[in-house]
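Data first, discussion second: the structure below is written as structure tokens.
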Amino acid sequence: MNRIGLAFALAGFGLACWVVWQQDLQAGGGLLASAGLSGLVLTALSHIPAMVLNAQAWAMLMPRHSRPALHGMVFQIWVREAVNALLPVGRIGGELVCYRLLRRQGMRAAPAAGGLIADVALSLVSQ
Numbered sequence: 256m257n258r259i260g261l262a263f264a265l266a267g268f269g270l271a272c273w274v275v276w277q278q279d280l281q282a283g284g285g286l287l288a289s290a291g292l293s294g295l296v297l298t299a300l301s302h303i304p305a306m307v308l309n310a311q312a313w314a315m316l317m318p319r320h321s322r323p324a325l326h327g328m329v330f331q332i333w334v335r336e337a338v339n340a341l342l343p344v345g346r347i348g349g350e351l352v353c354y355r356l357l358r359r360q361g362m363r364a365a366p367a368a369g370g371l372i373a374d375v376a377l378s379l380v381s382q
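Following this note's numbering, the numbering of the sequence shown begins with 256 at its first residue and continues without gaps.
The structure is reproduced here in structure tokens:
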């Protein structure tokens with residue numbers, strides 16, 4: 256990493272630390288404690304069927320010969336949602352990470368980008 260990249264990375268890390276410092280962490284911790292471990296686990300597990308259905312629908316948008324397996328698609332949905340939830344980049348970071356994962360698996364650029372764009376558009380319409 257060059258010096259400018261390192262400087263931007265450190266500035267971003269510092270900004271992220273400052274934003275976290277400004278939040279009321281006790282209130283957030285209180286909310287998590289009130290849900291309890293079973294509530295958090297139940298909430299996480301209840302999202303799995305939606306992710307599997309989303310992965311199946313997304314797979315239908317891709318060419319049959321280069322379509323990843325269902326477990327791979329679910330993993331990509333999980334990564335996409337995690338990145339979109341954790342990074343404040345306008346819900347595009349997860350799609351970029353997913354595109355990179357698809358390209359790494361050998362999918363050509365056009366089907367990878369087209370599948371992602373169609374999936375995001377259909378997700379927006381269905382919500």
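The beta carbon of each residue, even a glycine, is placed where N, CA and C say it ideally should be.
- If you draw a 10 Å sphere on the C-beta of residue 315, you find fewer than 16 other C-beta atoms in it, and that means exposed.
- Residues 354 of the same chain have their beta carbon placed closer than 8 Å to that of residue 368, with the five preceding and five following residues left out of the count.
- With a threshold of 16 other beta carbon atoms within 10 Å, residue 303 falls short and is exposed.
- Remark: C-beta atoms of residue 329 and residue 338 do not approach each other more closely than 8 Å.
- The DSSP-derived three-state label of residue 324 is coil.
- Contact annotation: the stretch 273 to 281 does not touch the stretch 290 to 301, with fewer than three C-beta pairs closer than 8 Å.
- Taking the CA atoms as reference points, residue 269 sits about 43 Å from residue 318.
- Contact annotation: residue 334 and residue 349 have beta-carbon atoms nearer than 8 Å.
- Annotated three-state conformation of residue 317 is coil, per DSSP.
- Of the residues 336, 358, 373 and 340, the one whose Cα lies closest to the Cα of residue 306 is 336.
- Secondary structure at residue 342: coil, using DSSP grouped into helix, strand and coil.
- The beta carbons of residue 291 and residue 321 sit no closer together than 8 Å.
- In this structure residue 325 is in contact with residue 310, their Cβ atoms being roughly 6 Å apart against a cut-off of 8 Å.
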